[in-house]
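Undergrad: In our numbering, the protein residues as written are 7 to 131.
Here a beta-carbon is modelled for each residue, glycine too, at the ideal position from N, C-alpha and C.
Encoded structure:
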């Protein structure tokens, strides 16, 4: 049976067995959208939990200060790597590479990061 969910604009089909829906078949793009939403909701839950936790102790604060600048700014915004990648127009793998310890950024990359985070380019030098 082909159906269309208006509220999420998603096409899917159901496969029944003994009169009951046993499977739902949907396009890969729709499935990926669902996975992304689950990841985003999980990240939001983590952010909400983190906001109710006590303030950092000194060691945690120092670790945060010396944390990779891309990761620190991304976490500050509450974005996933994929969301940052989409905002800049690169693949998630690029963001993961930028977040590695000791990462060095090209000038164009520093400019893109500064623009998306709304901070100075020197933060990524």
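So residue 128 is in the beta strand (DSSP E); what residue range does that whole segment cover?
TA: Counted from its first residue, the chain shown places residue 128 at position 122. Counting along the chain, residue 128 falls outside any beta strand (DSSP E), and DSSP gives it neither H nor E.
Undergrad: Have a look at residue 49 and residue 86 and give me their C-alpha separation to the nearest angstrom.
TA: Numbered from its first residue, the chain shown carries residue 49 at position 43. Numbered from its first residue, the chain shown carries residue 86 at position 80. Going from the Cα of residue 49 to the Cα of residue 86 covers about 7 Å.
Undergrad: Let's see if you can read the secondary structure: which residues bound the alpha helix (DSSP H) around residue 89?
TA: In the chain shown, residue 89 corresponds to position 83, counting from 1. Unbroken alpha helix (DSSP H) run through residue 89: 87-94.
Undergrad: With 16 other CB atoms within 10 Å as the buried threshold, where does residue 51 fall?
TA: The sequence position of residue 51 within the chain shown is 45, counting from 1. Per the 10 Å Cβ criterion, exposed.
Undergrad: Compute the Euclidean distance between the alpha carbons of residue 98 and residue 128, then round it to the nearest angstrom.
TA: Within the chain shown, numbered from 1, the residue matching residue 98 stands at position 92. Within the chain shown, numbered from 1, the residue matching residue 128 stands at position 122. If I take the Cα positions, the gap works out to 23 Å.
Undergrad: Over what stretch of residues does the beta strand (DSSP E) that includes residue 22 continue unbroken?
TA: For the purposes of this step, residue 22 is taken as residue 16 along the chain shown, with counting starting at 1. Note, residue 22: beta strand (DSSP E), 16-23.
Undergrad: Pull the bridge partners of residue 29 from the DSSP assignment, please.
TA: Taking the first residue of the chain shown as position 1, residue 29 is located at position 23. When DSSP reads this structure, residue 29 sits in a beta bridge with 21.
Undergrad: Would you please state the rounded distance, in angstroms, between the beta carbons of residue 42 and residue 88? I believe it to be under 8 Å.
TA: Here residue 42 corresponds to residue number 36 of the chain shown, with the count starting at 1. Here residue 88 corresponds to residue number 82 of the chain shown, with the count starting at 1. About 7 Å; that satisfies the 8 Å criterion.
Undergrad: Report the residue from 44, 38, 76, 81 whose alpha carbon sits nearest the alpha carbon of residue 100.
TA: As a first step, residue 100 must be located in the chain shown, where it is residue number 94. Taking only the C-alpha atoms, the option nearest residue 100 is 76.
Undergrad: Only counting the same chain, and skipping five residues up and downstream in sequence, which positions put a Cβ closer than 8 Å to that of residue 125?
TA: In the chain shown, the residue the question calls residue 125 occupies position 119. Contacts found: 79.
Undergrad: What does a CB cutoff of less than 8 Å around residue 106 pick up in its chain, not counting 5 residues either side in sequence?
TA: As a first step, residue 106 is located in the chain shown; it is residue number 100 there, counting from the start. Once the five neighbours on either side are set aside, the close Cβ partners of residue 106 are 74.
Undergrad: For the alpha helix (DSSP H) containing residue 76, list its first residue and its last residue.
TA: As a position in the chain shown, residue 76 is number 70, starting the count at 1. 75-83 is the span of the alpha helix (DSSP H), which, as asked, contains residue 76.
Undergrad: Would you give the residue range spanned by the alpha helix (DSSP H) that residue 101 belongs to?
TA: Stepping through the chain shown from its first residue, residue 101 is reached at position 95. It spans 98-104 - the alpha helix (DSSP H) in which residue 101 sits, taken as one unbroken run.
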